[in-house]
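Residue numbers (the working numbering): 23 to 252.
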């Protein structure tokens, strides 16, 4: 068996049906075709070489993708909030995202947007006050009854939530795609922003539109007890 040649051909076939695949997927397909066991170290060595030549691309620990370009989200919907928070609380870690950022992946475009701000639990109120003072319609970690009474009646609300342990790290206050996409499914279950199937379709389109860290996304989804199919 010529592992390099067989693996290259198998990757070409795998890329026709999957945008993301794990090393376990690759090893299983290779061994099925070869009819014999292949050491993990051998598979990893050749996959590293194929990443170097652009045949496949890194999608997180143990994951690979045929998608070359990383998923990029529009930061403009968040700029007023991330700028304000950076000025008022320069040392505070925040992670923000907006439902407006997923509009490119929606079948039915959203016209009402919600911004989510995740931060330390003991900073929720002070962050909420700062955002209110700046003119935003803020709900600080609303309860189920508050969501029912207030959320749908609030124009372009900003929800301030406690940060989730080991969530994917924000960059300049903006949540990365791996956090946004999982949070979208989680928050949609609570807020009914859209039909569940629409949220799932938006996530699917997003991860097809650009490469994400699948390992990070799935790990975070597990913490959130959310199922994401890739």
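No residue lacks a Cβ here, since even glycine has one placed at the ideal position from N, Cα and C.
Please work out which residues of its chain come closer than 8 Å, Cβ to Cβ, to residue i, disregarding the five sequence neighbours upstream and downstream, and give them in chain order.
i	result
residue 237	81, 82, 83, 84 and 85
residue 253	Only positions 23 to 252 of the chain appear in this structure, which leaves residue 253 out of reach.
residue 52	25, 28, 29, 32, 60 and 65
residue 40	47 and 88
Identify, in the order they occur along the chain, each residue of the same chain with its Cβ nearer than 7 Å to the Cβ of residue i, setting aside the five sequence neighbours on each side.
i	result
residue 104	118, 194, 195 and 196
residue 123	95, 96, 99 and 202
residue 163	146, 182, 183 and 184
residue 223	129
residue 173	161, 164, 179 and 213
residue 138	118, 119, 181, 183, 205 and 209
In whole angstroms, what is the alpha-carbon distance linking residue i and residue j?
i	j	result
residue 45	residue 66	8 Å
residue 73	residue 90	10 Å
residue 182	residue 218	22 Å
residue 102	residue 153	10 Å
residue 149	residue 234	30 Å
residue 191	residue 239	12 Å
residue 132	residue 27	47 Å
residue 110	residue 142	15 Å
residue 225	residue 116	23 Å
residue 245	residue 75	34 Å
residue 228	residue 127	6 Å
May I ask you to report which of helix, strand or coil DSSP gives residue i?
i	result
residue 187	coil
residue 162	strand
residue 225	helix
residue 141	strand
residue 78	coil
residue 120	strand
residue 171	helix
residue 216	coil
residue 180	strand
residue 193	strand
residue 48	helix
residue 209	helix
residue 65	helix
Please report the residue range of the alpha helix (DSSP H) in which residue i lies.
i	result
residue 127	Per DSSP, residue 127 belongs to no alpha helix (DSSP H) and is neither H nor E.
residue 238	236-246
residue 150	146-155
residue 58	No alpha helix (DSSP H) holds residue 58; DSSP gives it neither H nor E.
Identify every residue that forms a DSSP beta bridge with residue i.
i	result
residue 42	87
residue 92	233
Take residue i and list the residues in its own chain whose beta-carbon comes closer than 6 Å to its own, dropping the five residues that flank it on each side.
i	result
residue 158	180
Hey, would you say the C-beta of residue i is under 6 Å away from at least one heavy atom of the ligand NAD?
i	result
residue 222	As far as ligands go, the structure on display features none, and thus does not contain the ligand NAD.
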